[in-house]
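Student: Please find one structure pasted underneath; my questions will follow.
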Amino acid sequence: MISRKIKKHSLILSRRIKEGSELSRMSEQNSPELGIILSAFEQVKKAKYLASDKAAFDRCENYRKELLQNQEEITYEIFNSDHRATVQDICAKAASSSSWCRFLYFIVKSIAQPAVLEIGTNVGMSGSYILEAMPDFSDSKFRTMEGLPQLCELSRKQFAVIKRKVDCKVIQGLYENTFPDVLQEDIQFNALFIDGNHQKEPTLHYFKELKKKAANPAIFIFDDINWSEGMQEAWMQIRTDPEVNYSIDLYEQGIVIIDKSDQNRNVDFELHLSY
Ligand SMILES: C[S@@+](CC[C@H](N)C(=O)[O-])C[C@H]1O[C@@H](n2cnc3c(N)ncnc32)[C@H](O)[C@@H]1O
C-alpha cells in the first residue's frame, strides 16, 4: 500500500518536472485536437479565466454545495443491491473535482459544434460543466447515461436550470440495456467521456463500439485509468490501439485522439493536472 503510494507520487513528481518539455512537444504536433487539450490544460493550470467562465464555474460549484447538503437517500436496486447512500455522500465520493470539470469545460468549449457523450452522469456534476460549455443552439448535442433513476432525475432538474437550447438527454438504465440504443442514435460524437462502469472488459467494449460511432476527428476521455489493474490494462490497450493518433496520460484520466486524416500514430504524452 505504502509502496504503491510512493510509486504514484514519484511518478506524478516526474511528470511535473518534465511538464514544460511535454507541452512544447505537444505544441509541435500539427493536430488541432491536441491543441484543444493543450490549451484546456494550460487554462486550468494558470487559472486565468474570463468573467463568463468564472460565472459558469460559480454556478456549477453552487450546485455542488447544494448536493453536499442533500440528504436524500438513493437506493441501488437497479444494480440488484440493497446498498443505500445519501446524495451528499455520492457527490463527495464519485463526482469529479472542480479542476477536472474545468478541464472538461474548456475541451468542450473549444469544439465548434459539440456532440458529447458521457457514460456516467452520477449527480450531473461533470454534466453541468459540459452543458455550461456548450454554445446555446440546438445543433449542439449532449447525451449522458446513468443507471440510478433518482440520480437521473436530479441531473435532469439541474440541466433544466442551466437552460441551454442544446439537444440534451439523460439516458436512464443499465448500460447493458441502454448502450446498444445509444449506438443506434444518429449522432456522431466528437467528445466522449467514459466515466462509468470502470472495469476492463466494458471499457474496452465501449471504446471498440464508439470508435465506429464517433465523428472524425474525435476526443475520447477515460476516467480512473489507474483505478485497478484491469483499468490499467484497458488503458494500455486503448492508447496502443493502431487507430489512435495521440494519447495523453494524465494519471487519473487518459485521453486519446483519433483523426483519420493525421498520419501520426500512437504518439504518447504524459502530464498531471491535479490530484
Ligand atoms: C464515477 S460516476 C460518474 C461521475 C460523473 N461523470 C462526474 O464526473 O461527476 C459513475 C456513474 O456510473 C453509474 N454506473 C456504473 N455502472 C453502471 C451500469 N452498468 N449501468 C448504468 N450506470 C452505471 C454509477 O451509478 C455512477 O453514478
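Per the numbering used here, the very first residue in the sequence shown carries number 0; after that it's consecutive. C-beta atoms are modelled at their ideal positions from N, C-alpha and C, and glycine is treated no differently. Remember, it's a predicted structure, so these values are computed and weren't measured experimentally.
For ligand 1, I want to know if D291 counts as a neighbour, meaning its beta carbon is within less than 7 Å of at least one of the ligand's heavy atoms.
Tutor: For the chain, the structure presents residues 0 to 274; residue 291 sits outside this window and is missing.
Student: Quick one: grab the DSSP three-state call for F56.
Tutor: In the structure shown, F56 sits in a helix (DSSP, three-state: H, G or I).
Student: Okay, do the segment 71-85 and the segment 131-139 touch, 3+ Cβ pairs below 8 Å being the bar?
Tutor: Cβ pair count under 8 Å is below three, so no.
Student: For D248, which residues from the same chain have a beta carbon less than 6 Å from its beta carbon, with the 5 sequence-adjacent residues on both sides left out?
Tutor: Contacts found: E269.
Student: Does the Cβ-Cβ distance between N61 and I110 come in under 8 Å?
Tutor: Not a contact, by the Cβ cut-off of 8 Å.
Student: For the segment 124-159, which segments carrying the alpha helix (DSSP H) assignment without a break, of at least 4 residues, lie completely within its bounds, in sequence order?
Tutor: You should have 124-132.
Student: Going by beta carbon distance, what residues of the same chain come within less than 6 Å of I224, once the five residues before and after it are set aside?
Tutor: The answer, listed in chain order, is M230, W234, G253.
Student: Looking at the unbroken alpha helix (DSSP H) that takes in L33, where does it start and where does it end?
Tutor: From DSSP, the alpha helix (DSSP H) with L33 extends over 31-45.
Student: State the beta-bridge partners of V243 as determined by DSSP.
Tutor: The partner list for V243 (beta bridge, DSSP) is empty, contrary to what the question assumes.
Student: Grab me the residues of R238's own chain with a C-beta within less than 8 Å of its C-beta, minus the 5 sequence neighbours each way, in chain order.
Tutor: Same-chain partners within the cutoff: S246, D248, G253, V255, N265, D267.
Student: Using a Cβ-based criterion (distance less than 7 Å to any ligand heavy atom), does M124 qualify as near ligand 1?
Tutor: Yes, ligand 1 has a heavy atom inside 7 Å of this Cβ.
Student: Just the Cα atoms here: how many angstroms apart are V160 and E152?
Tutor: In a straight line, the C-alpha of V160 is about 13 Å away from that of E152.
Student: Considering T85, what are the terminal residues of the beta strand (DSSP E) in which it resides?
Tutor: Element bounds for T85: 83-85.
Student: DSSP beta-bridge partners for T74?
Tutor: DSSP, once it has assigned bridges, lists R83 as partnering T74.
Student: Alpha carbon to alpha carbon, what distance is there between T120 and V169?
Tutor: Straight-line Cα distance between these residues: approximately 8 Å.
Student: Does DSSP classify K17 as helix, strand or coil?
Tutor: Note: K17 maps to coil in three-state DSSP.
Student: Below 7 Å, is the gap between the Cβ of Y174 and the nearest heavy atom of ligand 1?
Tutor: Yes.
Student: Which residue comes first and which comes last in the beta strand (DSSP E) that contains F206?
Tutor: First-last for F206: 199-212, but that is the alpha helix (DSSP H), not the beta strand (DSSP E).
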